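Chains as they are written, first to last, in this note's numbering: chain F, 12 to 142; chain W, 12 to 142.
There are 2 protein chains.
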Amino acid sequence: MGRRAVVPEQVRAVMAGGGRHCWTLAELQEGLGALGVVPDPSTVFRAVGRLEASGVVRRVELDERRAHFELAGEHHEHLVCDGCGEVEAVPCALVVTWVEEVRRECGFEVSDHEVLLRGRCRRCRRPGQQP
Amino acid sequence: MGRRAVVPEQVRAVMAGGGRHCWTLAELQEGLGALGVVPDPSTVFRAVGRLEASGVVRRVELDERRAHFELAGEHHEHLVCDGCGEVEAVPCALVVTWVEEVRRECGFEVSDHEVLLRGRCRRCRRPGQQP
DNA sequence: CTGGATGCAAATGTTTTGCAGCATG
DNA sequence: CATGCTGCAAAACATTTGCATCCAG
Chain F
12 MGRRAVVPEQ
22 VRAVMAGGGR
32 HCWTLAELQE
42 GLGALGVVPD
52 PSTVFRAVGR
62 LEASGVVRRV
72 ELDERRAHFE
82 LAGEHHEHLV
92 CDGCGEVEAV
102 PCALVVTWVE
112 EVRRECGFEV
122 SDHEVLLRGR
132 CRRCRRPGQQ
142 P
Chain W
12 MGRRAVVPEQ
22 VRAVMAGGGR
32 HCWTLAELQE
42 GLGALGVVPD
52 PSTVFRAVGR
62 LEASGVVRRV
72 ELDERRAHFE
82 LAGEHHEHLV
92 CDGCGEVEAV
102 PCALVVTWVE
112 EVRRECGFEV
122 SDHEVLLRGR
132 CRRCRRPGQQ
142 P
């Protein structure tokens with residue numbers, strides 16, 4: 012019964028394959044285009060919505076203008092470079108201690124965290140390469 | 012020469028006075044209304060823009076739907092409660108050590124940070140008060 | 001047939017800009 | 001006067017929804 016959903020799996024493939032840590036809807040659509048698929052924006056929107064509901068994809072609060080998503084299994088903290096705008100990632104580890112302290116001192120039960128660090132990446136810190 | 016800008020200072024007053032940690036443009040306009048001023052949304056937008064440019068106000072990436080702002084001097088980390096939606100704040104301290112480690116291990120020079128913790132606040136953890 | 005995914009178009013909500021008017025120095 | 005803030009209106013932009021269609025079981 013019903014039609015089989017194909018776009019969500021393609022979106023997942025794009026996110027797993029690309030050299031990007033987090034994706035906007037437009038970037039996902041562009042990535043799908045590279046696979047020869049050109050779905051409607053609303054279809055991408057709904058596909059990501061389903062992936063998010065099923066826990067495969069995670070919403071990331073990175074930029075207040077557009078939504079960003081990443082694969083849920085790949086959670087990491089984000090380093091946004093003021094120079095080139097690239098988004099690096101580092102695995103989250105130290106945050107755990109911070110979370111503990113918040114629970115103890117504020118009575119706040121943390122279930123999810125997001126760390127955003129802005130600054131200059133190694134490349135942009137090298138002189139002669141500033142954008 | 013020129014007209015003296017009045018709205019930016021009023022916006023600043025609202026942010027300094029209210030019991031809120033960060034403000035959307037709409038919330039700022041509402042706050043201004045409580046002071047008897049009802050400027051146009053675009054005026055609030057430009058006022059915040061000026062305050063941000065002059066370093067008085069800081070943009071906070073909290074929700075991807077609307078922009079949030081806080082007073083630059085009052086930076087803190089944010090605790091967003093999944094229950095009531097309230098935004099608490101804790102002063103940032105431990106983040107410094109984390110920042111150090113990122114610089115050392117990733118070569119990333121951090122100039123700004125933002126920590127977002129989601130979970131349940133003390134009140135919402137108490138049974139019988141879940142929204 | 002039936003249920004669900006998809007495309008198209010339009011609604012929504014917020015941010016952003018263009019332009020004319022006006023107040024202030 | 002000349003500068004630059006302000007309001008009004010509209011544009012721009014991304015998200016979200018309604019509806020008709022199409023496809024697989």
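Quick reminder that beta carbons are idealized off the backbone N, C-alpha and C, glycines included. Please read all numbers here as calculations on a predicted model, not as lab measurements.
Alpha-carbon to alpha-carbon, residue j and residue i
i	j	result
F:VAL121	F:GLN40	33 Å
W:GLY29	F:ARG114	26 Å
F:GLY84	F:VAL71	13 Å
W:PRO19	W:VAL59	7 Å
F:ARG133	F:LEU90	11 Å
W:GLU38	F:ALA16	40 Å
W:GLU116	W:GLY130	29 Å
W:ARG31	W:VAL25	10 Å
F:VAL67	F:LEU82	6 Å
W:LEU127	W:MET12	44 Å
F:ASP87	W:GLY42	As written in the sequence, residue 87 of chain F is His, which differs from the Asp given in the question. Computed Cα separation, rounded: 37 Å.
W:ASP123	F:PRO52	33 Å
W:LEU36	F:ALA27	36 Å
F:ARG61	F:ARG69	11 Å
W:GLU125	F:GLU125	8 Å
W:VAL55	W:PHE80	12 Å
F:SER65	W:GLU75	21 Å
W:TRP34	F:PHE119	22 Å
W:LEU73	F:LEU73	8 Å
W:ARG57	W:GLU63	10 Å
W:GLU99	F:GLU99	28 Å
Status (buried if at least 16 other CB within 10 Å, exposed otherwise) for residue i
i	result
W:CYS135	buried
F:ALA2	Outside the shown range of chain F (12 to 142) lies residue 2 of chain F, about which nothing can therefore be said.
W:GLN140	Confidence at W:GLN140 is low in this model, with a pLDDT of 46, below 50, so the placement of that residue is unreliable and no value is reported for it.
F:GLY47	exposed
W:GLU111	exposed
F:VAL22	buried
F:VAL49	exposed
W:ALA45	exposed
Reduced DSSP secondary structure (H/G/I, E/B, other) of residue i
i	result
F:VAL17	coil
F:ARG115	helix
W:ARG134	helix
W:ARG31	coil
F:GLN141	With a pLDDT of 42 at F:GLN141, under the threshold of 50, the modelled position of this residue cannot be trusted; read the value that follows with caution. In the structure shown, F:GLN141 sits in coil (DSSP, three-state: anything other than H, G, I, E or B).
Any non-hydrogen atom of the ligand MN closer than 7 Å to residue i Cβ
i	result
F:LEU128	Here there are no bound small molecules, and the ligand MN is not part of this structure.
Would you list, in sequence order, the uninterrupted beta strand (DSSP E) runs of no fewer than 3 residues that lie entirely inside the segment 65–92 of chain W? Qualifying beta strand (DSSP E) stretches, in chain order: 68–71, 79–82 and 88–92.
Residues, ordered as in the chain, of the segment 22–42 of chain W that lie near chain F by beta-carbon distance below 7 Å: Flagged: no residues at all.
Interface residues of the segment 60–86 of chain F facing chain W [CB-CB below 9 Å]: Those would be ARG70, VAL71, GLU72, LEU73, ASP74, GLU75, ARG76, ARG77, ALA78 and HIS79, in chain order.
In chain order, each alpha helix (DSSP H) run of at least 4 residues that lies wholly inside the segment 35–66 of chain W: 36–45 and 52–64
Taking Cβ-Cβ distances below 8 Å as the criterion, which residues of the segment 115–129 of chain W are in contact with chain F? GLU116, CYS117, GLY118, PHE119, GLU120, VAL121, SER122, ASP123, HIS124, GLU125, VAL126, LEU127, LEU128 and ARG129
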